[in-house]
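These protein sequences, in sequence, are chains B and U. For the first sequence, the positions run 74 to 393 when this note's numbering is used. For the second sequence, the positions run 74 to 393 when this note's numbering is used. In this text, a Cβ means the ideal position worked out from N, Cα and C, and glycines have one as well. Presented below is the structure to which this report refers.
Number of protein chains: 2
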Amino acid sequence: MSSAEPAVLAISGGVGGAKLALGLAAVLPPEALQVLVNTGDDFEHLGLHISPDIDTLLYTLSGLADPVQGWGIAGESFHTLDALERLGGEVWFRLGDRDMATHLWRSAALRAGNSLSHVTRELAQRLGVPVVIHPMSDEAVRTTVQTSEGSLPFQHYFVRERCEPAVTGFTFEGVEQARPNAAVMEALQAQRYTDIVICPSNPFVSIDPILQLPGLWQALRDAAAPVSLVSPIVAGTALKGPAAKMMSELGVPVTALGVAQHYAAQYPGLIDWFLIDASDATLAQSIGELGMQVAVTSTVMKTREDKQRLAQFALDLAER
Amino acid sequence: MSSAEPAVLAISGGVGGAKLALGLAAVLPPEALQVLVNTGDDFEHLGLHISPDIDTLLYTLSGLADPVQGWGIAGESFHTLDALERLGGEVWFRLGDRDMATHLWRSAALRAGNSLSHVTRELAQRLGVPVVIHPMSDEAVRTTVQTSEGSLPFQHYFVRERCEPAVTGFTFEGVEQARPNAAVMEALQAQRYTDIVICPSNPFVSIDPILQLPGLWQALRDAAAPVSLVSPIVAGTALKGPAAKMMSELGVPVTALGVAQHYAAQYPGLIDWFLIDASDATLAQSIGELGMQVAVTSTVMKTREDKQRLAQFALDLAER
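As structure tokens, then:
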């Protein structure tokens, strides 16, 4: 299908978002799915341009992903990294040998003057991924985490420091100057999306960098398509990643309600449907009072069936 | 030993030169050996700075080298290259997974503003190589091969085209502006070398780029230390690489005499001792008539003992 035809837009960070994207790709004609993905985690490392969330989506949607850890490539080896360690090089970011090829290819293509959007589309095609993956911007936006130990680039916080320093805030360097993905903005303005689904990704470091691009959240709010969001917090914990720890450190209630309050305060009127897990059903009324419709289902995605069922559930909300 | 103490200087390209360097390192206190190495084959590939001859020396002298092919690392895997091939990337240059670490480390260190000399010294130290490896210059000199199919950067000729196009000449881009290795020039001027040995490397693409650096061959000629050269052509063939094929295409006799004539014409008075294999003993008189002393021995290095014996033979010439 061409990008001018109706499509579903998923908005995603890494591992948790990629699970729902995989479910959506299975229940939709895969060409009918577009994913707008966070690039605030991108960084330059060892001279390579690394786009962790794009790669998690590419590897998940192509079937290459490591099913246990959710990122990287299944059956990966680390011979380069082991040799680099013997040289005393930087090895805190676990670059696998096969994964390395993606970074080398992307970095060369970017140096040759191609946009990140173009390079991502090429990579998807070469990996056999029919879903269109849209980087949130072709310009650099870099998430910085303010912590008790000072300001840290995202990957330093996330990987090198294993999310240990207490978080006090976030900045997205370059976000005010960056233009949101042009194809997504055009499709929003042309009302080409039938559904917009915000995946259960970290609100602070996966979704906020996307929504704070100039004009983007307003364009999502103003689209005719309903915007649904799957809570990344279930029963007071994050299924993956540091979201719960961050909320606790920021003094935000570590609940789906805390997530809903964040979105209601930052992006008023954006969320039409807020999906919570059945274990959080008692929060439905309070979330509803924030002006969102609440849908309750099982949001934990362990199996392929879980992913597809949740994806279908989210899409069906648009019919209500 | 500090670099201010007496030392032997070997001048080398890749595989053939590294064999003799390994022999020299074994018969000398290893700190008493310095190797001045060709960097005309260096190139940028996939965003990496690759120094093939330096790496062949590093891997040979550290014991990491693949003993069969003479370059690269023993037991190497190629997972990155295989994945890059699936992406449609450039894979004609066989970058192994462990070798990749060297290129990543070097490239990062160069980007950080370090000189190639400094970076090479660091790499040698980290790989446990006590020999000092001096890049011929910290500035870029790039060997270009003129062929029947046009002008080719060296690695394109050597690896991608497997030396197939007929050679008509060579240029060393940047050689006039490049400064020869400062430490070697200083040691030459201070008469700190006791022996200078030109290894059995390709005269046209391994040794010429070094000797054509401004002032270098004259400084070697003017040093008190005798300069000996081991013929890379034995019984009309090159033991490794395209030297014989090149000589044939250039209309030069494919013999040790042809090699001697090249040096006599290009660098008059440079070579004190010309070492030929016993199988070429009949050429001794003609080579002697070029104004060089000729020494005849077995120059084929198959075993460790061969390498050490030839190294000791070359060093003993200085006593004569």
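Under the assumption that residue i contacts residue j (Cβ atoms under 8 Å), give the Cβ distance between them as a whole number of angstroms.
i: Val108(B); j: Val204(B); result: 6 Å
i: Ser279(B); j: Asp345(B); result: Wrong, their Cβ atoms sit about 20 Å apart, outside the cutoff.
i: Asp281(B); j: Phe243(B); result: 7 Å
i: Val369(B); j: Ala387(B); result: Not a contact, Cβ separation roughly 13 Å.
i: Leu348(U); j: Leu330(U); result: Rounded, the Cβ-Cβ distance is 13 Å, inconsistent with contact.
Alpha carbon to alpha carbon, what distance is there between residue j and residue i?
i: Arg233(B); j: Leu101(U); result: 44 Å
i: Asp211(U); j: Val270(U); result: 22 Å
i: Ser69(B); j: Val307(B); result: Missing from the structure shown is residue 69(B); chain B here goes from 74 to 393 and no further.
i: Asp155(U); j: Ile127(U); result: 25 Å
i: Ala296(B); j: Gln264(B); result: 6 Å
i: Ser75(B); j: Gly89(B); result: Note that Ser75(B) scores a pLDDT of 49, beneath 50, so its modelled location is shaky; the value from the coordinates is reported in the next line. Their backbone Cα atoms lie some 27 Å apart in a straight line.
i: Gly342(U); j: Arg294(U); result: 7 Å
i: Ala333(U); j: Ser135(U); result: 32 Å
i: Ala391(U); j: Glu246(U); result: 35 Å
i: Asn111(B); j: Ala185(U); result: 29 Å
i: Thr193(B); j: Ile123(B); result: 12 Å
i: Gln262(U); j: Gly288(U); result: 11 Å
i: Leu196(U); j: Ser85(U); result: 18 Å
i: Lys375(B); j: Leu383(B); result: 11 Å
i: Gly361(B); j: His335(B); result: 14 Å
i: Pro238(B); j: Asp114(B); result: 17 Å
i: Ala394(B); j: Arg171(U); result: Beyond the ends of chain B as shown, which are 74 and 393, falls residue 394(B); an answer cannot be given.
i: Leu183(B); j: Met173(B); result: 15 Å
i: Tyr340(B); j: Leu168(U); result: 49 Å
i: Lys380(B); j: Leu97(B); result: 8 Å
i: Tyr266(B); j: Leu157(B); result: 46 Å
Would you mind reading off the limits of the beta strand (DSSP E) that contains residue i?
i: Gln107(B); result: 106-110
i: Phe243(U); result: 240-246
i: Ala200(B); result: Rather than Ala, the amino acid found at residue 200(B) in this sequence is Leu. Careful: Leu200(B) lies outside any beta strand (DSSP E) and carries neither H nor E.
i: Trp144(B); result: Per DSSP, Trp144(B) belongs to no beta strand (DSSP E) and is neither H nor E.
i: Thr370(B); result: 366-370
i: Leu93(B); result: Segment 88-100 is the alpha helix (DSSP H) holding Leu93(B); no beta strand (DSSP E) there.
i: Gly223(U); result: 223-226
i: Val278(B); result: Taken as a continuous stretch (DSSP letters only), Val278(B) belongs to no beta strand (DSSP E), as it is neither H nor E.
i: Trp346(B); result: 346-350
i: Ser85(B); result: 80-85
i: Tyr266(U); result: 266-271
Would you verify that the beta carbon of residue i is, or is not, closer than 8 Å to some beta carbon of chain B?
i: Arg199(U); result: yes
i: Gly133(U); result: Looking at the sequence provided, one finds Thr at residue 133(U) rather than Gly. Chain B, which has no Cβ nearer than 8 Å to the Cβ of Thr133(U), makes this no.
i: Asp114(U); result: no
i: His191(U); result: no
i: Trp178(U); result: yes
i: Ser150(U); result: yes
i: Asp170(U); result: yes
i: Ser124(U); result: no
i: Ala147(U); result: no
i: Thr372(U); result: no
i: Leu130(U); result: no
i: Ala181(U); result: yes
i: Gly162(U); result: yes
i: Met365(U); result: no
i: Leu119(U); result: yes
Measuring only between beta-carbons, confirm whether residue i sits less than 8 Å from chain U.
i: Trp144(B); result: no
i: Ser279(B); result: no
i: Asp139(B); result: no
i: Phe386(B); result: no
i: Ala156(B); result: yes
i: Arg184(B); result: yes
i: Met319(B); result: no
i: Met258(B); result: no
i: Met213(B); result: Strictly speaking, residue 213(B) in this sequence is Ala, with Met absent from that position. Cβ-Cβ to chain U under 8 Å: no for Ala213(B).
What first and last residue would you give for the alpha helix (DSSP H) that runs through residue i?
i: His449(U); result: Residue 449(U) cannot be examined here, being either before or after the span of chain U that is shown, 74 to 393.
i: His176(B); result: 170-184
i: Pro287(B); result: No alpha helix (DSSP H) holds Pro287(B); DSSP gives it neither H nor E.
i: Pro125(B); result: 125-135
i: Ile360(B); result: 357-361
i: Glu378(U); result: 377-390
i: Pro321(B); result: According to the sequence displayed, residue 321(B) carries Ser and not Pro. 316-323 is the extent of the alpha helix (DSSP H) around Ser321(B).
i: Leu261(U); result: 255-262
i: Ala333(U); result: 329-339
Does the separation of the CB atoms of residue i and residue j fall below 8 Å?
i: Leu119(B); j: Ala181(U); result: yes
i: His207(B); j: Val257(B); result: yes
i: Leu200(B); j: Leu121(B); result: no
i: Leu286(B); j: Ala251(B); result: yes
i: Gly309(B); j: Ala337(B); result: no
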